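Those sequence lines, one after another, are chains A and B.
Every number in this note's numbering is 653 more than the matching position in the first sequence, counting from 1.
Every number in this note's numbering is 22 more than the matching position in the second sequence, counting from 1.
Glycine included, C-beta positions come from ideal geometry on N, C-alpha and C.
Computed from a prediction, not measured in an experiment: that's the story for all the values here.
Below: the structure, in structure tokens.
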Amino acid sequence: NAGVTQTPKFRILKIGQSMTLQCTQDMNHNYMYWYRQDPGMGLKLIYYSVGAGITDKGEVPNGYNVSRSTTEDFPLRLELAAPSQTSVYFCASSHGQGVNYGYTFGSGTRLTVV
Amino acid sequence: DAKTTQPTSMDCAEGRAANLPCNHSTISGNEYVYWYRQIHSQGPQYIIHGLKNNETNEMASLIITEDRKSSTLILPHATLRDTAVYYCIVYHFGNEKLTFGTGTRLTIIP
Numbered sequence: 654n655a656g657v658t659q660t661p662k663f664r665i666l667k668i669g670q671s672m673t674l675q676c677t678q679d680m681n682h683n684y685m686y687w688y689r690q691d692p693g694m695g696l697k698l699i700y701y702s703v704g705a706g707i708t709d710k711g712e713v714p715n716g717y718n719v720s721r722s723t724t725e726d727f728p729l730r731l732e733l734a735a736p737s738q739t740s741v742y743f744c745a746s747s748h749g750q751g752v753n754y755g756y757t758f759g760s761g762t763r764l765t766v767v
Numbered sequence: 023d024a025k026t027t028q029p030t031s032m033d034c035a036e037g038r039a040a041n042l043p044c045n046h047s048t049i050s051g052n053e054y055v056y057w058y059r060q061i062h063s064q065g066p067q068y069i070i071h072g073l074k075n076n077e078t079n080e081m082a083s084l085i086i087t088e089d090r091k092s093s094t095l096i097l098p099h100a101t102l103r104d105t106a107v108y109y110c111i112v113y114h115f116g117n118e119k120l121t122f123g124t125g126t127r128l129t130i131i132p
């Protein structure tokens with residue numbers, strides 16, 4: 654049982670490049686989330702999904718896209734990387750509403766845009 | 023979700039109890055108090071949550087005041103590995119997302 658797996662762990666992008674951050678979970682959780690964390694700050698929600706085929710914007714969605722074609726996977730796409738997207742990205746999952754187990758987070762992807 | 027207020031940083035001696043306060047004076051009746059921690063640059067880790075009763079698990083205890091306007095997370099015998107940023111979050115079931123503040127940076131002193 655691996656929990657939430659994120660790849661890659663580190664990446665350096667040039668301005669204007671695109672990439673996909675991968676996130677997969679093996680706990681059959683319905684809910685999945687993408688957060689970003691800038692240095693010295695708390696986490697900010699980018700996008701989330703309450704089930705396959707359903708996604709919604711969080712607090713800071715601009716510059717990102719997501720899809721949820723399966724329960725297990727929730728990739729985050731950066732189309733035109735900008736220096737402001739330099740951050741650590743965390744994916745998380747949870748069983749859903751009314752279940753008291755909290756969120757399970759991945760170990761993060763550290764992205765630098767130069 | 024209700025806003026929370028936490029001290030920016032705290033120190034605690036190794037082996038002593040670490041008591042982390044959180045103010046959530048605008049909490050409503052169906053909102054839970056959740057605690058997470060983030061060690062170094064790892065993903066946040068769930069610690070404990072509660073509604074109105076005090077709660078205890080293998081990691082910590084959560085004391086919620088009778089009026090629910092504040093709570094305290096207690097790590098009974100702090101170790102160096104408890105050095106982390108601790109987040110107090112008020113969460114409403116029915117709202118699908120957690121909102122993180124800046125938390126309390128707890129440093130355990132040898």
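What S740 of chain A touches in chain B, judged by beta-carbon distance under 9 angstroms, is nothing: the nearest beta carbon there is about 12 angstroms away.
With 16 or more other Cβ atoms from the protein chains shown falling within 10 Å of its own Cβ, G72 of chain B counts as buried. Residues of chain B whose Cβ lies closer than 9 angstroms to the Cβ of F758 of chain A are, in chain order, Y58, Q60, Q64, G65, P66, Q67, Y68. Taking the CA atoms as reference points, A100 of chain B sits about 5 angstroms from G37 of chain B.
DSSP places P736 of chain A within a helical segment (H, G or I) once states are collapsed to three.
At least one CB atom of chain A sits nearer than 8 angstroms to the CB of K119 of chain B. Per DSSP, M81 of chain B lies in no beta strand (DSSP E) segment and is marked neither H nor E. Residue contact check for G37 of chain B against chain A: no CB pair falls below 8 angstroms. Residue-level contact by beta carbon fails for Y717 of chain A and chain B, as no gap is shorter than 8 angstroms. Contacts with chain B at 8 angstroms (Cβ-Cβ) do not include L674 of chain A. Between the region 719-733 of chain A and the region 671-689 of chain A, the count of C-beta pairs closer than 8 angstroms reaches three or more; the two stretches touch. Using a CB distance cut-off of 8 angstroms, L764 of chain A does not count as an interface residue toward chain B. Residue-level contact by beta carbon holds for G123 of chain B and chain A, with a gap shorter than 8 angstroms. By the criterion of a C-beta distance shorter than 7 angstroms, A106 of chain B is surrounded in its chain by R59, Q60, I61, L128, once the five residues flanking it on both sides are discounted. DSSP places D104 of chain B in the helix class (H, G or I) of the three-state scheme. When 9 angstroms is used as the limit between beta carbons, M680 of chain A is near no residue of chain B, the shortest such separation being about 13 angstroms. The C-beta separation of H682 of chain A from S746 of chain A comes to about 4 angstroms, placing the pair in contact by the 8 angstroms criterion. Using beta-carbon distances, L698 of chain A counts as an interface residue toward chain B, with a partner under 8 angstroms. Counting along the chain, the unbroken beta strand (DSSP E) around Q67 of chain B starts and ends at 67-72. In this structure, G755 of chain A places its C-beta atom within 8 angstroms of the C-beta atom of Y68 of chain B.
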